[in-house]
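Visitor:
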Amino acid sequence: MLFKPTYIFNDVTEITEDFLYGHNIKGLLLDLDNTLTTHNNPIPPQSSLNWLDKMKKAGIKMMIVSNNSAERVEPFAKVLGLHFVPNGRKPLTFGYTQAIKEMGIHKKNIAAVGDQIFTDILGSNLKGIRSLFVFPIEPETSLPFRFKRACEKPFLPGR
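In the working numbering, each residue carries its 1-based index in the sequence shown increased by 7.
#1: Going by the beta-carbon positions, is the gap between I50 and A118 smaller than 8 Å?
#2: Pairs of beta-carbons, one from the region 95 to 107 and one from the region 137 to 152, closer than 8 Å: are there three or more?
#3: Compare the C-alpha of M110 against each of V72, F26, K68, S73 and name the closest.
#4: Say whether chain C places a C-beta atom closer than 8 Å to the C-beta of P82.
#5: Consult DSSP for R96 and reduce its assignment to one of helix, strand or coil.
#6: State whether the region 21 to 36 contacts the region 74 to 91, with contact taken as three or more CB pairs (one from each stretch) at a distance under 8 Å.
#7: Which residues in the same chain have their Cβ closer than 6 Å to the Cβ of L9, if we skip the five residues on either side of it in sequence?
#8: For Y14, collect the residues of the same chain with a Cβ closer than 6 Å to its Cβ; drop the 5 residues on either side in sequence, then sort them by chain order.
#9: Among residues of its own chain, excluding the 5 on either side of N116, which ones have a beta-carbon nearer than 7 Å to its beta-carbon?
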């Protein structure tokens, strides 16, 4: 099913190198807002920094694929030392295609990590890569986001 994540985690820190090795995942395409940090926050939480460091030490290649503009993504990516694709147009697969090509890893060895069913999960499933859903770091308060989150509930287990 296109809206169903391959795997579900509470947050990125639950995605371990052992899990990735065990599932032959060598590269991760990472969403930014509410996956690695809160919306529009230029500073990642220490938990995300620690997790990214562990993934790098484990040899996992990572790249940010975001629907945000380069002005939002570039400063954040520089702090993390990661390449990025801005304006990824998820759930369309253009951003994922570009990132996979740049990473030089076969798509069977890549997974996408994100907090939104209708962008991150749908996009990765359309591209034919595994999808790792993480619950949002912080609940959004705007009406459009609250509506979108309500529509996602049928595709997720109770929390």
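Cβ coordinates follow ideal geometry from the N, Cα and C atoms, glycine included.
Guide: Based on what the coordinates show:
#1: Locating residue 50 in the sequence shown gives position 43, counting from the first residue. Locating residue 118 in the sequence shown gives position 111, counting from the first residue. In terms of Cβ geometry, I50 and A118 do not form a close pair [threshold 8 Å].
#2: Because the criterion of three Cβ pairs below 8 Å is not met, the region 95 to 107 and the region 137 to 152 do not touch.
#3: As a working mapping, residue 110 is identified with position 103 in the sequence shown. Comparing alpha carbon positions, the residue from V72, F26, K68, S73 closest to M110 is K68.
#4: In summary, chain C is missing from the structure at hand, where a single protein chain is found.
#5: For this step, residue 96 is matched to residue 89 along the sequence shown. Correct three-state label for R96: coil.
#6: no
#7: Residue mapping note: residue 9 aligns to position 2 of the sequence shown, counting from 1. Result list for L9: L129, N132, in chain order.
#8: As a first step, residue 14 must be located in the sequence shown, where it is residue number 7. If we look at Y14 and ignore the five residues flanking it on each side, its Cβ neighbours are L139.
#9: Counting from one through the sequence shown, the residue named residue 116 turns up at place 109. Within the same chain, N116 has close Cβ partners N31, I32, K33, G34.
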